[in-house]
Every structure is written in structure tokens, then in C-alpha cells.
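Asks:
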Amino acid sequence: MTDALIYDHVRTPRGRGKPDGALHEVTSIHLGATVLSALRDRHQLDTSLVDDVIFGVVAPVGEQGQCLPRLAAIAAGYSEKTAGVQINRFCGSGLESVNMAAGKVAAGGADFVVAGGCESMSRVPILSDGGAWSTDPALAYTANFIPQGISADLMASKYGYRREQLDDLAVESHRRAAHAWADGRFNRSVVPVRDLLGEILLERDETVRAGCTRADLSKLKASFAELGVKAGFDALAIARYPDVERVIHVHHAGNSSGIVDGACAMLIGSKAAGVAAGLRPRARIRAFAEIGSEPTIMLTGPAYAAEKALKKAGMSVHDIDLFEVNEAFAAVPMRFAEVLGIDPARINVNGGAIAMGHPLGATGAIILGTALDELERSGKSTALATLCIGAGMGVATIIERI
Amino acid sequence: MSSTSIPTAASAPHVTTRIEDGIGLLTIDQHDRSMNVFTPELDRQLRTAFDALLADAAVTGIIICSGKSSFLAGADLAQMAAFNEPGSTPAQTLDRISAFGNLFRHIETGGKPVVAAASGTALGAGLELMLGCHYRIASDAPGAQFGLPEVKLGLLPGAGGTQRVVRIVGIAASIPLLTQGTALSAAEAHKLGLIHEVVPAASLIDAAKAALRDGRVNAVAPWDQKGFRLPGGDAYALAPTQALVAANASLHAAHRDHMPAPLAILRCVYEGARLPIDKGLRLEQKLFTTLVRDPVAHNLIRTLFFARQSADKLVRRPIGFAPSKVQRLGIVGAGFMGAGIAEVSALAGIEVVLIDRDKASAQRGYESVQRALDAAVARQRLTADRRDAALARVRAVEHYADLAGCDLVIEAVVEDAGIKAKVTAACEAVLGDRAILASNTSALPIGELAAASARRDRFIGLHFFSPVSKMALVEVIRGRDTSDETLARALDYVRQIRKTPIIVNDGPGFYTTRCVDAYLREGLHLLADGVDPVLIENAAVALGMPVGPLALADKVGIDVAHHVAHFLAARESGPAAVDRHARANALLDAKVGAGQLGRKSGAGFYAYPEGAPRHLQTALRSAATAATQPASSAVQQRLLYAQVIEATRCWAEGVATDASDTDLGAVLGWAFPAYLGGPLSVVDQTGAAEFVRRCDALVASCGARFMVPVRLRDFAASGARFHTT
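Here the protein sequences come in this chain order: L and F.
If you're matching positions, the first sequence starts at 1 in our numbering and goes up one per residue.
If you're matching positions, the second sequence starts at 1001 in our numbering and goes up one per residue.
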């Protein structure tokens, strides 16, 4: 087994995932091709050395169907020798793509793999791909399906997180993200997206709100209250968790991840491949893990996945300098910190998806890249990235700066 | 013009055939029934008659109609038990249940146009027969109902109902129709497209013939035609998807995992709608097979249908007494219950005399009746005319002398034997010899109350449930001295006011009050054991009770629960009795002492903050000290078995002697989960020996109160069952 090393990563800025978003006119292929081209161009990389492109695409239908990464590689002018494969582990896909790439490289099955993801939520909305989970009656019953927003509210109710605490976490996400942008912390990894005339459509994350306050957020109505009561999802949550008296609805658009368009590409390879290509590695992938967890509460996977990865790495929580825990809903990083006893000051230090958005298939690779950049900026050594995932899963990756 | 009448069976034909001008008319009329019902014999006769018309070259069109004022009320439920024959394989069951549906498909694909002409109500298999015909006409007879109510008995419309309805109205509209079993009027069914035409009753057959003659009847069903598209979009389209997601969740939430029928129906819709019709019909039959092999359907049929039907027909009424009617009813005690009894009696055409301790109280009772009737008019449940007529029958009076001429007097005063005795004497001083005196007591033994009566043979218990207008049950308690005639007349009265009677014998708490108390008590025992009250309440709902024991205590009033609990405790002794009552009563004592009487006092086990949902008292939650909280299933078992054991004690003591009445009374009286059938059905289905074994285990782990009566132990040892199906 050989080490899997991260050589570089690039991402697009994240555009608002609605028709008025800056990246709405950009096809998914173009988003994907943008990051692939940028990764190649900054290193003059001979793409015939790249065995595979593994991209997370969570709604692989319409223009995001038909194995988008392969098509995006062709569009980007990669060598025809570069294969492509689309994967879907829901919100964890971007990180899963990194883990799969690392596995291929470590096993000697590939020398260079580009991992990452691509999701235009404004053009191919979430749930465009259908699926049986909530619609197939037999499955919905067996899985005790409830929508993820209600899972988040269930978590908050079960563990006693108040609306004010969740809103404060959201405010902090915006504050940290705004500060990180102002401080140039994303300059190395973010590449602008240009239109067909070469004009810049977007060069910064579009949804960060620098002056966001708790008062602003307190005006927002909880998003899932009506659904919970009228459709019976609250009752189903309590059926699975009979120690909860009532599901208190506390999540809303302001303390949940933003819907955005974005893509990311991360170059992963073996040491030998890097030497041959004249590239300097930036980090070593120490360990990775995936795990299944209880599907109704759905979003508790990160702590379990992190523990599993730490065990594989022979590390403990205290050995990790920085954490990236995807802010799908504010309750998620809150619960993670509580379970593992981690100071929130070490989690999402440059803001998270509440401020900057969660382009489903790409986020996992984006947050790992964010952690890597911060390790280098701060001189710290180790980072762990993890995401909660639909249908109750978790995925985690531990890296060590070289 | 030729018209020939062909009887299709040598004896008792269910179907007769006439041919008029090339149109074959099949008339269904089962002479031994007031409404046609689909039976295997009808299936055979209809198929034979239909095939004869198919084979007759002179017949170009077919009409199926009924010789009764209704069309056909459904499949014969008596055969359902036979479908679940022990030892039969699913494939064998599938084969047996397929007959009706296969016939309807045969009618649909026979090649000749078929019109269904419904003179009136078509439910279940009756509507399915119509749906298998190419054109459907209904008469505009008022009160006719069209629907597929199988879900209410744990089944589904397995003769093509789900597959054809979804292909006519689409996924979103089909779901509520099939999962609620909604009955539609002819006009509503027409609006949805389930019926093609509604015509005056007299022109029903002419309209059917006209449709055939005018060529409006296509002998090929829409779903058998090329290019057929599901109305509203398939299961991938947005609106149908949203309807499915919402229905999956709300039905699962409402019934948890206790009711297989709604889920099976949703599967018929989701999986069947995208299949070619023949595969869809087969899928529906397979899902029906799973339901008919499930005890839940048999529990619902046994209790909600057969037990209810028997009770409503007064099968236990003593024979030899002419049917009677109450012309004038006296009610002593014009409070909540008295006013409710007055309301339903007046609506049934009975003259009501209301008396209380003074004129003002009686007048308040009258006004309460008035308010209830007004509310019913406002909700459009009652016409203003009927309201006026009912109210005119009610009189609030001041003197007992005004009770003269009453055939029946119901006393609904406070639960105090002394006060009731005074009422009894005052009534009997003015009542005629034949008048019956009934008590609405929920717990005081009738025999003890009858001790104050000069004519104990005319004394009986009529225990109503709250609220009277909504609750169908009346627990009729026969005192030791109550005569057969009194019982017969009391049952006649219950039928007159269109309620459902169960008959029990005398004893403290009779049957229903004892069992409700047992449920409540076990909730308190769990609390005393340090179980989290949230878990107790949620487990109760998970079991299928409408509310948890603590919420119920708050609702009936902790003072009321306290009174009943101490009353019952005082009536028995011994270690099992102490285990049953002591800890629970201590908790009730503490609550009463603290003035926390439940909802009416603003706090009980729950707090009732203004403008916010109720919540369990925080002090109660922090007092839940059990280190390991039990699993919900363990809590559910205790709450269920407390009720079942109490019911078996009533049976063992000769209070509840009829198994049907015992199960029916539980479901109608205190919302015992219908999917379980009733307390005695639980014993049967667990197997009496296994039930006893589990109770013994609970005695060891929880206390002597879980001891079963000796009579049940013997019963179990003999391998007996309470019900035969």
C-alpha cells in the first residue's frame, strides 16, 4: 500500500442556487470543465497522467446525467485517456470521491486521480433525480422516512438546542466566512467562472452576509413546522424516538446550508507519480471512513464516521488541529462538538455552508480543501473533514500537512 | 320487440336474464337479503349468465342492474375467515380470492359493451363490479352511497377497485378515496368520473339502453386502449409524488405499523399504477392476499362488523317480549351527561322531561341541549327544522310529579349512593308500575342502588359514555334482580336512540370503568417505577391508544380518577389487590392534595400554559429516576396487559359473559385498539397458554397485579378460545 497524497485543489466560487444566481447561466458541464481546466493549467499538467476523474453529482439527471465527469473532462480538453465516473453518496459525495481516489491510488490502481464534485442546484434542483425513499410506500414505512429538515429539528429537540444557539452558530459562520474572504484565505483555491466572452461571472462566494445578526435571523419562520404537523412527520420522529415529547421546530433557511451552484477538483496521486510529474504534494491522506447511522434522525453520522477514521489512523480527537463539519443544519456541528468534546473554535474556522452554501456533490471536497489551505496558513498539522448524509450516513477524511 | 325471461338457476336464482331488442339485462336480486352481497354463488351465477349473453349472437349489448333499491353492498364478509384457512399457502389464498376480480376483468374484456345501472348504493365489490363495466349510470335516489370502504375492515378493494380508480381519477385523487374508504354521493362520484351519468330512478334502464343504442359505450376500457396515460401524471410527476410522500407519512403516523391495509393500498397505487392493467390487477390480488392472511383484518371484521351488527340487532335481547318504544323519558340530573342523553333522545323523537335539584339547574340543562343542537345546525349536521322539533320535545321541570307518565327514567346525578337513593324514592313515588328506572352510574353496583327501590325488577344500569352525542356505546348493566322484560325494553330504548348496547352483569365498576381504571393505574405504576413520563405517554400512543394514561387522567379529572380508584380499591383485598391499587392511589392522593386535578384546574400531570401546547410537568420528568429506561415495547406490553387482564377478570367473575360484547365494548367504550380486536381477541391470538405464561413473567418482574384469574388458567389449560374465527 502506498500513500495517497493531495497535490492541489481548486474550486469555483459558490453562486446562489436560484435563477437570479450569478452562475445560473453556466451549464453544469462548464462548471465541471472550469475546475478541471484550472487544475491542469496552473501546473501545466500532462492530463494523460490522470487516470480518472471521480466527481460527486447528487442529481445526475438532465444535463448532469450521463457520467458528467467524463463529459466534463472531454469538454475541458483532457487527454482521451482520462476516464470519468460519477458517484452519489448524497451530501458526502465530494469527500467520498476523495476517499475513493485515495483508495485507488493507495492500492496501486491509479497514479493520479482528480476527485471532487459538481452541482448546479439552480439548473438541476435537488430531488430532480426522484428516488424511492419517500415515495415508495413500503420503503417509506420500513425506513421511517422523515425529511432532513425535520431530522435536524428532531436533533435539536432531543439534545436541547435552542433557536438562539442555532442562530448564533449561523451568525458566526457568516462572520468567519466574511473575515476569511477579506483576509484572502480563499485566494489560492478559488478560480473565477467566466462566460463565453471570457468575462468574469463570479469570483467570490455569492451568499456570504457580512453583517448578519441574530436579530436578522430571528425574523425567519421555522421552515418545517407545518410539514411536521400536517404530514405527520413529527409523529414519525417521535415514534422512532419516544423519549422526545415534542419536536420543536428551530431550523430555517438562515441557519441551514445555502442552496448554491459550485464545483471542485482535487488532484490526488502517489508519491512516485508526483515525483515523475515534478509536482510537490501538500498533504497526506492519513485515513478515511464511511458509516451508516440511524436513518430517521439521519444527521448524526459525522461523529461516528470521525471516530471510525480516527481509529483507523490510530489517532484521537486531540490529535486533530482543525475540523470541518459540514453545516447542513446548525444542529449538526453543534452535536458533533458536543459528542466529541471539541471546542467550536476549532470547527469551521473560516465559516461554513450556512454562509457559503452547499453545492451537494462538491461540498465534501471543498471543505477538505478549505481545511488544507488553513493548515498551511496557520502552520497547523492535521485536519479532519466530515459531513452528515441523507438516509443516515457519515463520511470522514483525515489529512496531514506535508 | 322480444322479451324473454330466463331463470339462471333451478332454485333461488340470484341473477335473472331478460333480452330486449338485442340488449341482455342481467338483474341481481338475492331474495334472502335486503341488500345484494357478493358471494361465491352469485359469482358463479353471474358468470354463467354473462357468458350466455356473450355467446348469444343476437345480443349486442349488456346491462347489469339490481332488483333492489340498492345495487350491491359489497362482498360477503363471512367468507373472509375461510380465506385465511390455517395451513393454506399464500398461493392457495391468492387463488381463492381472485374469483370476483377475474370475473370483473372477464366482463371488461368480453368484447361486448356492458353498462352498469345502479338503482342505489354500490359499495366495495358492488362498486368494483360497476368499475369493471364500460359505462356506469346511477339513479339519483337520495342517500345512495358509492365507495370502497374495505380499508376500514383491514382489507382493500381486491377486485380491481384500486387499479381502476387510480386509472380514472389519477394518483393524487385516488389516495384519499381508497385509504379513507370515503362514501360518495352519486353526484360526487359523477363529478370525479367514476360514474358517467346520473339519471332519475324511473329512467335508469332506459338511459342504460339509450347509451348502448347511441353507441356511447366502448367495449374496450380506456386502459386497454393504445396510448392510455394515467390522469395527472405517473408516480414520477410532481403532483402525484407530493401526494404519495404526504400520504405515506400521514397514514404511517396515524396508524403506525398496526394497520397493514393503508400501506397495501398505497402499494397498489404506487406500484400498480405504472403497470399494464393485468399485472396491476394481479398485484392488487397479491396484496389483498397478504391482508386476508393477517389477523388484523379478522380482528376488525369480527369486532367492528359482526360484533357491532349483532349488538345493534339486539341478538341478546330476551325473547318473548313485544318490541317496545319509549314515548316519554325522564332524566334526573341535567348536567353534562344528562343533557347529552336528553339531546340524543329528543332527536330520536322521544319526549324528554329534565329535572335537577332545582328549576334553575334543570333550565341550565335545557339550555345546554339547545346549545348542542344549535351547534349541530351550524355545522350543517342537522336541519333547523329537526332542531326545532327536537327542542320542542324537551321540558325542564321543577317537581318530580312532572315525571308522571315516563316509560323510562334515567338518573344521572352525582356518584353518591345516598343521593341516588333519594332520587330513586322520589321517582318511584310518581312513576307508574311499568316504568323502568335506570342509573347512569359508572361504577356503583346496580344491586346496591336497587336496594333503595321498591321494584328491583324494573331497575337497571344504562352507562353512557362522554360525550353522549358522539359515543355509540351504552353499557347495559343487568342487576341480579333485573327482569328479562326490563332488559328487553332497555335494549329497545338503546336501539331507539341508535346507539350500540353491550350487556354486562353487575359488579363494582362493571366492565368498562374497571378496564379504563386499570389502564390509568398502570400508567401510574410506571411513573412510580421511575419511568420517564414522556416514554409512558409515547408508548401508549405507539400501542394505539388515543392518549396516554397521564393525559387521560388529566382529561377525566384526577379527582374523578381518584374517586373511582379508591372505590374499586375498597372493594377488594389481598396481595394482588394491594399491588394493584396502593402505589397508584398514593400518587393520585398526592395530586389531589396539591390541588392539581388536571386540565380543568390548569395543571395535573401536564401543565397547560396559555397559548402554548401542553407539556408534562418538568418536576415529573426529573423525578424519573430509573437508571435504565425500559424499551417502548416493554411499556406498551404493561399498558396493554393491564387492560386485558382486567377484562379477563370481568369475564372470570361473570360480569362480562359474551366475548363479542366484551371486545366491542372495549373498542367503542374506551378506544381499545381496534386492530387488536379487543381484550379477548388478544388472548386468543397470543394463545391463552402463552398469554398466561407472559402474565406470570410480568408478575415476577412487576408485581402480583399481573396475576391472571384462576378461571383463565383453566381455560388456557383446556386449549379453549374466546372466538371461533
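Note that CB positions come from ideal geometry on N, CA and C, so glycine has one too.
Could you tell me if Asp949 of chain F is buried or exposed, where buried requires 16 or more neighbouring beta carbons within 10 angstroms of its beta carbon?
Replies: Residue 949 of chain F falls outside the range modelled here, since chain F spans only 1001 to 1725, and no answer is possible.
Asks: Please compile the residues from chain L whose C-beta is within a distance smaller than 9 Å of the C-beta of Val1531 of chain F.
Replies: Ordered by position in chain L, no residue passes the 9 Å Cβ test against Val1531 of chain F, which lies about 11 Å from the chain.
Asks: Could you tell me which of F:Ala1569, F:Asp1056 and F:Pro1533 sits nearest to Asn1585 of chain F, measuring between CA atoms?
Replies: When only C-alpha atoms are compared, the closest one is F:Ala1569.
Asks: In the DSSP assignment, find the beta strand (DSSP E) that holds Asn1505 of chain F and state where it starts and stops.
Replies: That run of the beta strand (DSSP E) goes Thr1500 to Asn1505.
Asks: Run through chain L and tell me which residues come within less than 7 Å of Val1151 of chain F, C-beta to C-beta.
Replies: Per Cβ cutoff of 7 Å: no residues; Val1151 of chain F is ~14 Å from chain L at best.
Asks: Taking the C-alpha atoms as reference points, what is the distance between Met393 of chain L and Ser157 of chain L?
Replies: Spanning the two alpha carbons is a distance of roughly 20 Å.
Asks: Is any beta-carbon of chain L found at less than 9 Å from that of Phe1392 of chain F?
Replies: Strictly speaking, residue 1392 of chain F in this sequence is Ala, with Phe absent from that position. Cβ-Cβ to chain L under 9 Å: no for Ala1392 of chain F.
Asks: Under three-state DSSP, which class holds Asp168 of chain L?
Replies: Three-state DSSP puts Asp168 of chain L in a helix.
Asks: Give a yes or no on whether 9 Å exceeds the smallest Cβ distance from Tyr141 of chain L to chain F.
Replies: True, the Cβ-Cβ gap to chain F drops below 9 Å.
Asks: Note down, in chain order, each residue of its chain lying with its Cβ closer than 6 Å to the Cβ of Asp1294 of chain F, except the 5 sequence neighbours on either side.
Replies: Taken in chain order, the residues that qualify are Pro1260.
Asks: So what's Ser1174 of chain F in DSSP terms, helix, strand or just coil?
Replies: Three-state result, Ser1174 of chain F: helix.
Asks: Cβ of Asp1257 of chain F less than 9 Å from any chain L Cβ?
Replies: Asp1257 of chain F counts as touching chain L.
Asks: Could you compute how far the alpha carbon of Arg40 of chain L sits from the alpha carbon of Gly32 of chain L?
Replies: In a straight line, the C-alpha of Arg40 of chain L is about 13 Å away from that of Gly32 of chain L.
Asks: Starting from Gly292 of chain L, follow the beta strand (DSSP E) in both directions and report where the run begins and ends.
Replies: Unbroken beta strand (DSSP E) run through Gly292 of chain L: Ala283 to Gly292.
Asks: Determine the DSSP secondary structure at Asp1407 of chain F, reduced to helix, strand or coil.
Replies: Of the three classes helix, strand and coil, the one that applies to Asp1407 of chain F here is coil, per DSSP.
Asks: What span of residues does the beta strand (DSSP E) with Phe1459 of chain F cover, start to end?
Replies: Per DSSP, Phe1459 of chain F belongs to the beta strand (DSSP E) from Phe1459 to Phe1464.
Asks: Can you pull out the residues from the stretch 1259-1279 of chain F whose beta carbon lies closer than 7 Å to at least one beta carbon of chain L?
Replies: Flagged, chain order: Leu1263, Leu1266, Arg1267 and Tyr1270.
Asks: Counting only beta-carbon separations shorter than 9 Å, does Glu1284 of chain F have a partner in chain L?
Replies: With 9 Å as the cut-off, Glu1284 of chain F does not count as an interface residue toward chain L.
Asks: Locate the alpha helix (DSSP H) running through Met266 of chain L, then write down its first and last residues.
Replies: Segment Val260 to Gly269 is the beta strand (DSSP E) holding Met266 of chain L; no alpha helix (DSSP H) there.
Asks: With distance defined between alpha-carbon atoms, name the residue in F:Leu1473, F:Gly1611, F:Ala1454 and F:Ala1631 nearest to Pro1533 of chain F.
Replies: Per the Cα distances, F:Ala1631.
Asks: Which parts of the stretch 1349-1380 of chain F are runs of the alpha helix (DSSP H), unbroken and 4 residues or longer, counting only runs that do not cross its ends?
Replies: Listed in chain order, they are 1359-1378.
Asks: Between the Cα of Pro1501 of chain F and those of F:Asp1658, F:Arg1514, F:Leu1587 and F:Ala1565, spot the shortest distance and give me the residue it belongs to.
Replies: Answer by Cα proximity: F:Asp1658.
Asks: With Leu1527 of chain F as the anchor, note down where its alpha helix (DSSP H) starts and where it stops.
Replies: Its alpha helix (DSSP H) spans residues Thr1512 to Ala1528.
Asks: Taking only beta-carbon atoms, is Gln1629 of chain F less than 9 Å away from chain L?
Replies: So yes, Gln1629 of chain F belongs to the interface.
Asks: Where does Glu1367 of chain F land, buried or exposed, given buried means 16+ other C-beta within 10 angstroms?
Replies: Glu1367 of chain F is exposed by the Cβ-count criterion.
Asks: Quick one: measure Cβ to Cβ for Ala1490 of chain F and Leu1527 of chain F, integer angstroms, because I've assumed they're closer than 8 Å.
Replies: Not quite, the Cβ-Cβ distance comes to about 39 Å (not below 8 Å), so this is no contact.
Asks: Let me know the secondary structure DSSP gives Cys1065 of chain F once reduced to three states.
Replies: Strand, per DSSP.
Asks: For Ile398 of chain L, which residues in the same chain have their Cβ closer than 6 Å to its Cβ, ignoring the five residues on either side in sequence?
Replies: Cβ within range, chain order: Arg286, Ala287, Ala309, Ala313 and Leu384.
Asks: In the DSSP assignment, what are the bridge partners of Met1337 of chain F?
Replies: Partner(s): none; Met1337 of chain F has no beta bridge.
Asks: Taking only three categories from DSSP, how would you classify Arg1571 of chain F?
Replies: Coil, per DSSP.
Asks: Take Ala1346 of chain F and list the residues in its own chain whose beta-carbon comes closer than 6 Å to its own, dropping the five residues that flank it on each side.
Replies: The residues are Val1352, Ala1390, Arg1393 and Val1394.
Asks: Distance check for Arg1317 of chain F and Ser1003 of chain F, CA to CA, integer angstroms please.
Replies: Caution applies to Ser1003 of chain F, whose pLDDT of 49 falls short of 50 and renders its modelled position unreliable; the model cannot decide the point.
Asks: Is it buried or exposed, Met1001 of chain F, if we count other Cβ atoms within 10 angstroms and call 16 or more buried?
Replies: Reliability fails at Met1001 of chain F, whose pLDDT of 42 lies under 50, so the model's placement of it is uncertain and the value that follows must be treated cautiously. Under this definition Met1001 of chain F is an exposed residue.
Asks: In or out: Met1337 of chain F buried (at least 16 other Cβ within 10 Å) or exposed?
Replies: Label assigned to Met1337 of chain F: buried.
Asks: Here's the rule I'm using: 16 or more other beta-carbon atoms within 10 Å means buried, otherwise exposed. How should Asn348 of chain L be labelled?
Replies: Its Cβ being crowded by 16 or more others within 10 Å, Asn348 of chain L is buried.
Asks: List, in chain order, every chain L residue whose beta-carbon is nearer than 7 Å to that of Thr1162 of chain F.
Replies: Near Thr1162 of chain F there are no residues of chain L at all, since even the closest Cβ is about 12 Å away, more than 7 Å.
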